[in-house]
Structure formats: structure tokens, C-alpha cells
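Start counting the sequence shown at 89; every next residue gets the next number (my numbering). Glycine residues also receive a C-beta, built at the ideal position from the N, C-alpha and C atoms. All of these numbers come straight from a predicted model, not from anything done at the bench. Here is the structure we will look at, set down as C-alpha cells.
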Amino acid sequence: MAHVTSPGEPGRRRGPLGPVTLAGVFLRVGAMNELQYRANFVVQVFQSAIALVTGLAVLAIVFSQTTNLHGWTQAELLAVMGVHILMGGIIQATIQPGMERLMADIREGTLDFVLTKPEDAQLLVSVRQVRIWQLVDVGVGLVVLGVAVDRLGPIGPLDVVAFLAALVLGATMIYCFWLILTVVAFWVVRMDQIVELFSGLYQSGRWPVTIYPGWLRISLTFLVPIAFAVTVPAEGLTGRLTPETLALAAGFATVLVVVTRWFWRFGLRHYSGASA
């Protein structure tokens with residue numbers, strides 16, 4: 089006779105969850121945690137409003153002296169600002185929190201609790217921490233982009249597809265950059281300044297990288313992929329994005345994903361754990 093498992097008996101050990109399902113679980117958990125501190129929402133709205141007003145004021149000052157900045161019009165730079173705010177919201181809501189917690193786990197030796205889970209460890213450390221109030225910046229960025237598109241005029245469907253593809257590729261590259269830096273914590277335990285370092289570098293993305301000197305432009309494209317994360321998606325909306333640039337972004341993102349995966353596994357082999 090076949091054995092019927094009673095409600096009180098443990099069932100079969102479940103297999104690993106899919107990436108989307110796992111991300112959804114942690115999004116719900118993160119939302120429940122953040123909703124306990126709703127005052128943080130008001131603080132975040134206030135901070136986002138100040139940053140937006142400051143950015144618009146700087147843009148107005150620049151264009152009170154000129155009609156374009158290295159070939160970029162005011163409406164096009166407004167699109168760059170919108171992408172910058174949008175991508176910043178994505179980073180601070182989904183990428184940065186997980187990386188900060190990973191650094192803490194490596195430092196304290198508590199990464200063991202992640203490594204013993206049935207899910208892929210890299211996926212788990214990447215999606216387990218979400219700060220939903222940072223999504224305010226995503227909304228603000230979308231509003232700014234909407235205003236920019238209205239000023240730019242009709243946007244073709246191919247431009248929209250190019251923008252969305254570039255945005256996904258840019259977010260992927262930023263994630264890889266963050267994880268590579270975080271994995272360095274397996275050797276250099278104190279990595280607390282990494283957040284301030286990245287925040288400072290990311291501010292350069294408020295302007296198209298084409299306005300910077302050649303050496304800085306290359307650095308912000310291939311060393312710290314801010315150009316791919318902000319300028320390239322903005323080029324998609326403004327009709328400046330070429331198929332060659334999009335193909336380069338796709339190729340570079342693919343290489344980064346492979347290198348990041350290898351470096352993650354290499355770093356894990358140097359993790360001593362809580363027993364050290």
C-alpha cells in the first residue's frame with residue numbers, strides 16, 4: 089500500500105526556486121519590513137524632491153548661458169537626468185542593499201547561512217534585500233522621462249525598444265560591477281567606503297559621458313559602466329543610439345556576466361566562514 093503523508097509529517101524536500109519566484113518572495117518580505125517604518129517614505133519623498141529640484145536648477149543655469157551642451161539640447165539632457173534618477177532608484181532599491189548585506193555577511197562570517205540553502209548562492213545574495221521606499225526615485229525618474237519625451241516629440245517604436253534594451257543591459261552591468269567589488273571583501277574585509285565611492289562616481293552620470301575628456305569617458309564606460317547605464321539608454325530615447333553601440337553594450341554585458349560568475353565562485357573558495 090502506498091504511504092500517504094499526513095499533514096504533520098514532513099513532505100519531500102523542495103527543489104530550488106526559480107529566479108523570478110525567489111525575487112518575488114523577497115520583494116514581499118522587504119515590503120512588509122519597510123511598511124513598518126512608513127515615516128521613511130516621507131523622508132525618501134523629501135530627499136527625492138530636493139535632488140530633483142537641485143538637478144533642474146543646475147540644468148536651468150547651464151541653459152541660461154547656452155542653447156546646447158556638446159550637441160545635447162535641454163530636452164535631451166532632461167532625458168539623461170530622468171534615466172539617471174530612474175537607474176539610481178533601481179540600484180538603491182534592489183542592487184545596493186543586497187551587496188551591503190553580503191559585505192556584512194562576509195565580514196561577520198554569517199554567509200554560511202546562505203551557502204547552505206538549496207538556492208543558487210549568487211542569486212540568493214542578489215535578491216534577498218529590497219528597499220521599496222527607494223522605488224520613489226524610479227517613479228520620479230519615469231515622470232522626468234515623460235516630460236522629456238513630450239518635449240522631444242514623437243518617439244518611434246524602435247527607439248523605445250532600444251531604450252528598454254539598453255536600460256536592462258545597463259542595470260545588468262551595474263549589478264556585475266557591484267558584485268565584483270563586493271567579492272573583493274573575501275580578501276579585504278573592510279569595504280565600508282565602497283558605497284560612498286560608488287555614489288560619488290555615479291553622480292558623474294548626471295551628464296552625458298560625451299562631454300568628458302577621453303580618458304574619463306573610457307573609464308566611465310568600461311571601468312565603471314555608468315555610460316552604459318545612463319547615457320546609452322538616454323541615447324535610445326533621443327535617437328542617438330546606433331546599432332553598433334547597442335551591440336557593444338550587449339557584448340560587454342555578456343562578458344561581465346561571465347566574468348562576474350567566475351569571480352564569485354573564485355571568491356567563495358577563499359571564504360573561511362564563521363568557524364575560522
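task: Taking the CB atoms as reference points, tell me whether residue 321 and residue 251 lie closer together than 7 Å.
output: Here residue 321 is taken as the residue at index 233 of the sequence shown, counted from 1. Here residue 251 is taken as the residue at index 163 of the sequence shown, counted from 1. Against a cut-off of 7 Å, the Cβ pair of residue 251 and residue 321 comes out as a contact.
field: Straight-line gap, residue 187 to residue 213 (C-alpha atoms, nearest Å)
entry: Here the question's residue 187 lines up with position 99 in the sequence shown. Here the question's residue 213 lines up with position 125 in the sequence shown. Distance between the alpha carbons of residue 187 and residue 213 is about 7 Å.
message: Tell me the rounded alpha-carbon separation between residue 161 and residue 207.
response: As a first step, residue 161 is located in the sequence shown; it is residue number 73 there, counting from the start. As a first step, residue 207 is located in the sequence shown; it is residue number 119 there, counting from the start. Between residue 161 and residue 207, the C-alpha separation is close to 48 Å.
field: Whole-angstrom distance between residue 229 and residue 198, CA atom to CA atom
entry: For the purposes of this step, residue 198 is taken as residue 110 along the sequence shown, with counting starting at 1. For the purposes of this step, residue 229 is taken as residue 141 along the sequence shown, with counting starting at 1. Whole-angstrom Cα-Cα distance: 36 Å.
- prompt: Looking only at C-alpha atoms, which of 345, 116, 238 sits nearest to residue 256?
  reply: Along the sequence shown, read from residue 1 onward, the residue named residue 256 stands at position 168. Residue 256 has its Cα closest to that of 345, out of 345, 116, 238.
task: Use the C-beta contact count for residue 313: other C-beta atoms within 10 angstroms, 16 or more gives buried, fewer gives exposed.
output: By one-based count along the sequence shown, residue 313 stands at place 225. Classification of residue 313: buried, given that the 10 Å Cβ count is 16 or more.
- prompt: Taking buried to mean at least 16 other C-beta atoms within 10 Å of its own C-beta, is residue 148 buried or exposed?
  reply: Counting from one through the sequence shown, the residue named residue 148 turns up at place 60. Exposed.
query: So does the stretch 226-241 actually touch the stretch 289-300, counting three or more Cβ pairs closer than 8 Å?
result: no
field: Status (buried if at least 16 other CB within 10 Å, exposed otherwise) for residue 196
entry: The count along the sequence shown starts at 1 and reaches residue 196 at position 108. It is exposed - the Cβ of residue 196 has fewer than 16 other Cβ atoms within 10 Å.
- prompt: Which word fits residue 286, buried or exposed, when buried means at least 16 other C-beta atoms lie within 10 angstroms of its C-beta?
  reply: In the sequence shown, counting from the first residue as 1, residue 286 sits at position 198. Buried is the call here.
DSSP-derived helix/strand/coil call for residue 90: In the sequence shown, counting from the first residue as 1, residue 90 sits at position 2. Confidence in residue 90 is poor, its pLDDT being 41 and thus under 50, which makes the residue's placement unreliable; the coordinate value appears in the next sentence. Correct three-state label for residue 90: coil.
- prompt: Of the choices 253, 180, 317, whose alpha-carbon is the least far from that of residue 223?
  reply: For the purposes of this step, residue 223 is taken as the residue at position 135 of the sequence shown. Measuring from the Cα of residue 223, the nearest candidate turns out to be 180.
- prompt: residue 329 by DSSP, collapsed to three states: which one?
  reply: Walking along the sequence shown from the start, residue 329 turns up at place 241. Note: residue 329 maps to coil in three-state DSSP.
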